[in-house]
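Worksheet: the structure to be examined is printed underneath.
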Amino acid sequence: MRTRARVGLLVSGMASALIASVMAAPVQAADSSTATSLADFGGLAGLERACKAEGQLNTIALPRDWANYGEVIDTFIRKYPTVNLDSQNPEASSAQELAAVRQLKGSNRAPDVLDVGLAFAVAGAAEGLFAPYKVATWKDIPAGAKERNGLYYSDYGGVIAIGYDAKKVKVAPKTIKDLGNARYKNQVALNGNPTSAGAALGAMFAISVASRGAKGVDNMASGVNLVKSWKKAGTFLPVQASSATVANGQTPITLDWDYLQDKYAKSSKKVSWKKVIPTDAAIGGFYQQAINKNAPNPACARLWMEYLYSDQAQNLWLAGGARPIRLDAMVKKGTVNKKYLKALPKLPAGTKVIYPTVAQQTKARTVLAKQWGKLN
Amino acid sequence: MTVTQSQNVVAAQKKGGDNRYKYNNIEIKKLFFDYSGLIPFFIFAAIFIGLPTGSVAVNAFRGNSNEWTLENLRVAFGDIYFTSLIGSIQLGFSSALTGAVMGLAISYGVAISGKKKLQRVVATASGVFANTGGVPLAFFFIAAIGNYGLVTIALQKIGIDIYSGNFTLFGFSGLVLVYLYFQIPLMVIVTYPAIEGIKNEWREAAVNLGATKSMYWRYIGIPILTPAFTGAFLLLFANAFAAYATANVLTSGTLPLLPIQIGSLVNGNVVADQTNVGMAMGLEMIIVVAVTMGGYIYLDRKTSRWRKR
Chain D
5 MRTRARVGLL VSGMASALIA SVMAAPVQAA DSSTATSLAD FGGLAGLERA CKAEGQLNTI
65 ALPRDWANYG EVIDTFIRKY PTVNLDSQNP EASSAQELAA VRQLKGSNRA PDVLDVGLAF
125 AVAGAAEGLF APYKVATWKD IPAGAKERNG LYYSDYGGVI AIGYDAKKVK VAPKTIKDLG
185 NARYKNQVAL NGNPTSAGAA LGAMFAISVA SRGAKGVDNM ASGVNLVKSW KKAGTFLPVQ
245 ASSATVANGQ TPITLDWDYL QDKYAKSSKK VSWKKVIPTD AAIGGFYQQA INKNAPNPAC
305 ARLWMEYLYS DQAQNLWLAG GARPIRLDAM VKKGTVNKKY LKALPKLPAG TKVIYPTVAQ
365 QTKARTVLAK QWGKLN
Chain W
309 MTVTQSQNVV AAQKKGGDNR YKYNNIEIKK LFFDYSGLIP FFIFAAIFIG LPTGSVAVNA
369 FRGNSNEWTL ENLRVAFGDI YFTSLIGSIQ LGFSSALTGA VMGLAISYGV AISGKKKLQR
429 VVATASGVFA NTGGVPLAFF FIAAIGNYGL VTIALQKIGI DIYSGNFTLF GFSGLVLVYL
489 YFQIPLMVIV TYPAIEGIKN EWREAAVNLG ATKSMYWRYI GIPILTPAFT GAFLLLFANA
549 FAAYATANVL TSGTLPLLPI QIGSLVNGNV VADQTNVGMA MGLEMIIVVA VTMGGYIYLD
609 RKTSRWRKR
């Protein structure tokens with residue numbers, strides 16, 4: 005590997021790309037770890053060759069029922085059958101992903117690519133854990149959704165929606181404030197603890213905005229107070245909503261990312277799950293994609309990125325109810341899958357989706373760390 | 309101990325000639341074979357208890373750029389997280405005390421019943437229940453006595469609403485109730501041998517010497533059982549103090565508990581830069597549990613004196 009790396013350093017840029025397209029792949033594999041775009045591989049074919057030579061891709065924290073990742077993975081495997089895709093620890097949290105990058109440094113079992121929450125992308129970039137790489141469709145990613153050197157960028161996301169079981173909830177809630185109404189007694193739950201679950205934190209932002217208007221995004225205390233009043237009114241349950249609690253009827257109303265609610269619909273035949281974006285708050289959030297700087301399979305890591313940001317994979321996320329980051333560009337180009345696009349829950353007319361920044365998230369979780377534990 | 313024993317053996321053998329080396333070798337071999345079965349256990353313990361404990365202890369004193377610091381401990385004992393230490397102690401204490409009293413009553417009842425079949429059933433069932441926990445246990449209770457649980461609805465049909473008062477499954481009272489599911493059987497398992505060890509002869513002897521029933525309990529029964537009860541109580545306390553998954557599912561962190569706070573910091577999707585504060589709280593927990601278990605071991609030794617035949 006060493007010697008190959010030196011050879012790789014000698015021939016740089018276009019020269020190496022040229023050689024790659026002429027010579028056998030192994031020479032190329034050496035400087036895959038410093039490649040910052042397709043040009044360094046002389047195009048997609050060169051990258052594919054380099055990845056096939058590696059023959060391995062390690063992913064982490066990709067649950068199959070999350071944003072249609074199951075199909076995203078299967079399609080990659082069908083496209084590149086000789087590459088062994090190892091989907092490690094699908095239920096891992098963002099914290100565990102970064103921990104795996106640190107602890108498995110130098111091991112060939114280390115994850116090649118990561119899918120983490122925004123706070124972890126920022127922290128990981130500051131710590132120097134990621135390799136910069138700009139996918140071919142880089143221009144389609146809105147400026148606010150990418151680190152300018154390509155250390156990380158948004159992949160897919162959603163909007164906080166109220167989900168409810170139409171069989172148990174006779175009057176459909178339309179706003180978040182509705183959820184304090186006594187008719188929803190013992191029915192409202194979050195998807196976990198907002199100091200540890202991203203979806204629950206998003207829900208808390210939505211609750212804050214509902215109580216304070218757009219300013220609420222900077223005022224988490226107002227959200228906590230609203231939940232407190234729900235608890236007093238008896239509508240809010242601190243139980244963590246899941247497919248099991250939905251099937252059992254314990255949590256007929258949840259606040260969660262819209263794309264994570266499809267699994268509730270499938271949880272039981274007795275459930276008729278509907279989702280609606282509240283008119284008093286639209287909070288959005290995207291996950292971030294990044295390449296491990298010390299990826300054991302640097303070419304496959306980059307090929308995976310190119311694949312994820314291609315029309316094909318972006319449409320697969322869309323099929324899972326998630327909003328891919330290139331959605332607007334794909335709508336313009338007409339490459340978006342119209343059927344899946346139509347299935348997305350409608351944003352109420354005139355809504356501007358608010359995406360909490362890292363600074364706002366940091367502030368919010370400080371408030372939550374103090375106040376959430378005193379809700380009872 | 310073993311050294312002196314082997315020396316004695318050697319000394320005893322000396323009379324029949326100098327077999328010192330031979331016997332010493334046998335002794336060493338015997339020692340090795342006696343303990344060789346434990347080697348996998350020691351390796352296991354070193355990897356899965358020793359290493360993580362050491363790493364928690366070290367990281368508790370490290371900052372985000374790996375510098376040495378006491379800041380993590382300061383935050384861990386600061387007002388935000390100190391309430392979770394108190395919360396966990398309260399939960400541990402309440403569920404341990406209730407579990408210990410109820411478990412002891414069951415143990416005693418089953419022991420004096422003299423029915424072998426009942427004793428076997430209770431022992432086996434306790435072994436199963438005491439090891440049930442985590443997310444499945446939370447769902448057992450949601451399915452049974454949640455707001456839409458089977459039992460809740462059945463009781464409502466005969467006019468009893470368990471939610472009419474202050475009770476909630478998703479708060480302190482609910483957690484104590486759920487924890488009893490494993491606390492009571494654990495108490496039965498731990499105290500049964502001690503209760504069984506109370507011999508009828510002692511009572512007969514006491515009665516023959518003119519003791520009344522209450523005098524027997526005051527001077528013999530309770531003093532003998534106290535270390536067993538206290539020791540088991542400590543074990544139950546540590547058990548509930550460290551429980552995580554059940555509480556996490558049922559309360560989503562709305563109850564301040566140490567294990568849940570640690571989970572948010574070291575294993576969450578929200579907080580990225582406070583892992584080592586979580587480690588400091590982990591150290592806090594390790595110390596609390598170590599002290600508790602130290603007390604348990606000491607009391608267990610006291611108890612087992614009466615079990616020796």
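Protein chains in written order, with my numbering: chain D, 5 to 380; chain W, 309 to 617. Ideal Cβ placement from N, Cα and C applies to all residues, glycine included.
C-alpha distance - residue i paired with residue j, whole-angstrom precision
i, j, result
"Ala210 (chain D)", "Ala286 (chain D)", "6 Å"
"Ala99 (chain D)", "Ala125 (chain D)", "10 Å"
"Lys189 (chain D)", "Val597 (chain W)", "39 Å"
"Gly371 (chain W)", "Lys338 (chain W)", "49 Å"
"Met601 (chain W)", "Asn516 (chain W)", "39 Å"
"Arg113 (chain D)", "Asp262 (chain D)", "33 Å"
"Asn195 (chain D)", "Tyr552 (chain W)", "17 Å"
"Ala39 (chain D)", "Ala103 (chain D)", "24 Å"
"Arg609 (chain W)", "Ala419 (chain W)", "21 Å"
"Thr460 (chain W)", "Phe341 (chain W)", "57 Å"
"Leu155 (chain D)", "Asn72 (chain D)", "24 Å"
"Thr440 (chain W)", "Leu488 (chain W)", "11 Å"
CB-CB length for residue i against residue j, believed under 8 Å
i, j, result
"Leu122 (chain D)", "Val105 (chain D)", "At roughly 17 Å, the Cβ-Cβ gap does not stay under 8 Å, so Leu122 (chain D) and Val105 (chain D) are not in contact."
"Val486 (chain W)", "Phe449 (chain W)", "5 Å"
"Asp182 (chain D)", "Ile295 (chain D)", "Actually they are not in contact, since the Cβ atoms of Asp182 (chain D) and Ile295 (chain D) sit about 43 Å apart, beyond 8 Å."
"Met495 (chain W)", "Leu544 (chain W)", "6 Å"
"Arg330 (chain D)", "Thr141 (chain D)", "6 Å"
"Ile453 (chain W)", "Leu477 (chain W)", "6 Å"
"Val243 (chain D)", "Ser271 (chain D)", "Going by Cβ atoms, the distance from Val243 (chain D) to Ser271 (chain D) rounds to 15 Å, so no, they are not a contact pair."
"Gly227 (chain D)", "Met208 (chain D)", "5 Å"
"Phe290 (chain D)", "Ala127 (chain D)", "Actually they are not in contact, since the Cβ atoms of Phe290 (chain D) and Ala127 (chain D) sit about 16 Å apart, beyond 8 Å."
"Leu573 (chain W)", "Val585 (chain W)", "6 Å"
Residue i (DSSP reduced to helix, strand or coil)
i, result
"Ala104 (chain D)", "helix"
"Ile595 (chain W)", "helix"
"Arg327 (chain D)", "strand"
"Asn296 (chain D)", "strand"
"Ala57 (chain D)", "helix"
"Thr199 (chain D)", "coil"
"Thr520 (chain W)", "coil"
"Ala368 (chain W)", "coil"
"Thr38 (chain D)", "helix"
"Thr63 (chain D)", "strand"
"Trp277 (chain D)", "strand"
"Asp260 (chain D)", "strand"
"Trp376 (chain W)", "strand"
"Asp90 (chain D)", "strand"
C-beta neighbour in chain W for residue i, strict 8 Å
i, result
"Lys346 (chain D)", "no"
"Leu205 (chain D)", "yes"
"Ala201 (chain D)", "yes"
"Ala49 (chain D)", "no"
"Gly253 (chain D)", "yes"
"Leu241 (chain D)", "yes"
"Trp376 (chain D)", "yes"
"Phe124 (chain D)", "yes"
"Thr355 (chain D)", "no"
"Thr79 (chain D)", "no"
"Thr258 (chain D)", "no"
"Lys367 (chain D)", "no"
"Thr38 (chain D)", "no"
"Arg10 (chain D)", "The predicted model places Arg10 (chain D) with a pLDDT of 38, which falls under 50 and marks its position as unreliable; any figure quoted below should be read in that light. No, Arg10 (chain D) lies away from the interface with chain W (no Cβ there is under 8 Å from its Cβ)."
"Ser276 (chain D)", "no"
Neighbour flag for residue i against chain D, beta carbons, 8 Å
i, result
"Val579 (chain W)", "yes"
"Thr391 (chain W)", "yes"
"Gly571 (chain W)", "yes"
"Tyr456 (chain W)", "yes"
"Ile450 (chain W)", "yes"
"Ile568 (chain W)", "yes"
"Pro564 (chain W)", "yes"
Assess, as a yes-or-no matter, whether the segment 267-282 of chain D is touched by the segment 344-364 of chain D under the definition of 3 or more beta carbon pairs within less than 8 Å. yes
Would the segment 189-203 of chain D count as touching the segment 552-569 of chain W if we require 3 or more Cβ pairs under 8 Å? yes
If contact is defined by three or more beta carbon pairs under 8 Å, each pair taking one atom from either stretch, is the segment 297-312 of chain D in contact with the segment 54-67 of chain D? yes
Is the segment 153-169 of chain D touching the segment 319-334 of chain D in the sense that three or more CB pairs, one from each, lie closer than 8 Å? yes
Check whether the segment 64-81 of chain D touches the segment 311-324 of chain D, taking contact to mean three or more Cβ pairs, one atom from each stretch, closer than 8 Å. yes
Flag this pair as touching only if the segment 583-596 of chain W and the segment 362-371 of chain W have three or more C-beta atom pairs under 8 Å; answer yes or no. yes
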